[in-house]
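In numbering that gives the first Met the number 0, the protein residues as written are 0 to 256.
Glycine residues also receive a C-beta, built at the ideal position from the N, C-alpha and C atoms.
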Amino acid sequence: MKTIVVKIGGSLAVDEAKLLDFAIAAAEISKELRLAIVHGGGKDINANLALLNEEPKFINGLRVTTPAGMDMVEMTLSGRVNKKLVRMLLSNNAMAAGISGVDAKLLEAKPMQGKGDLGSVGDVVKVNAQILEALFAAGITPVISPVSYGGGSAWNVNADTAASEIAVALKADCFVLISDISGVLDENKRVIPHLNRELANSLIQSSVISGGMIPKVQGALDSIDRGLKSIHIVGWEGAEPFKRQLAGNGNTGTIIG
């Protein structure tokens, strides 16, 4: 049975209609494939940080996370966002379970180095994939928050990075990142259907690829180097285009390889 890792975030994580559309499609797909869902929730985090009078700050697309901010990140991602998606999947007859990187040390992390002062932001150093394998064996679709464990503390790990590490550990047949943008865009704001390392590095250096798209693309390229063959960055166009994308019968975004 094929293994698919899908990362969702952006407006898809907060738009109830779109998220339900995704959950219906994911529930159907989970009957035929081993599906792991990793989610972000940056917009929810921003809204909750406003309650602390804390302005969001990013360095190279990565969220600067203060100690108080880390508490809010964990509550938002591992609590509200995670359980909302699990409830939607359960309501559509998919047996789903929410789990964070902290649970059973699914994702072990260390403080991120060399990217500036990011606070409680971590790098994944180990994925304990047997936890996900056990869930698959029980017929359960894991829904994963990227908050990770390290040294007795919780670490804010970029969801794109966490998803790519999970995809590599599971030797996924396909890894899909669903973004607010329909794919990686060129200088004329057109979607690039296929992207290799040379072109990606050039676009990053010229700032055509910027912000949150940088860790998406860099994580995808790293995953290719480590054995993944099919990585897709797409926007949410609806259930049918999504299923065709997974089946290899269409491409609405950017395929990296």
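Within the model, the alpha-carbon separation for residue 238 versus residue 16 is close to 12 Å. If you check the CB distance, residue 41 and residue 8 come in under 9 Å. In the DSSP assignment, residue 245 falls within the alpha helix (DSSP H) that extends over 238-246. Taking C-beta separations shorter than 8 Å and ignoring five residues to either side along the sequence, the partners of residue 51 in its chain run 67, 68 and 71, following chain order. By the criterion of a C-beta distance shorter than 8 Å, residue 253 is surrounded in its chain by 182, 183, 190, 191, 192, 193, 194, 231, 232 and 233, once the five residues flanking it on both sides are discounted. With 16 or more other CB atoms across the displayed protein chains lying within 10 angstroms of its CB, residue 159 is buried. Of the residues 74, 120, 250 and 114, the one whose Cα lies closest to the Cα of residue 108 is 120. Using a Cβ distance threshold of 9 Å, residue 176 and residue 5 count as a contacting pair. Closest option to residue 132, judged by alpha-carbon separation, among 255, 165, 180 and 59: 165. If you draw a straight line from the Cα of residue 149 to the Cα of residue 186, it comes to about 40 Å. Residue nearest to residue 39 within the set 61, 23, 26 and 20 is 61 (criterion: CA-CA distance). In this chain, residue 160 is not harboured by any beta strand (DSSP E); it is covered by the alpha helix (DSSP H) spanning 158-168. Residue 167 holds the alpha-carbon nearest to the alpha-carbon of residue 225 among 214, 211 and 167. Cβ atoms of residue 229 and residue 172 come within 8 Å of each other, at about 7 Å. Contact between the segment 195-213 and the segment 28-36 is not established, with fewer than three Cβ pairs separated by less than 8 Å. Take residue 140, set aside five residues on each side of it, and the residues of its chain with a beta-carbon closer than 6 Å to its own are 29, 34, 93 and 95, in chain order. Following the DSSP letters along the chain, one finds residue 14 in no alpha helix (DSSP H), marked with neither H nor E.
Between residue 143 and residue 218, the CB-CB gap reaches or exceeds 9 Å. With a 10 Å radius around the Cβ and a threshold of 16 neighbouring Cβ atoms, residue 244 comes out buried. Within a 10 Å sphere around the beta-carbon of residue 124 sit fewer than 16 other beta-carbons, which makes this residue exposed.
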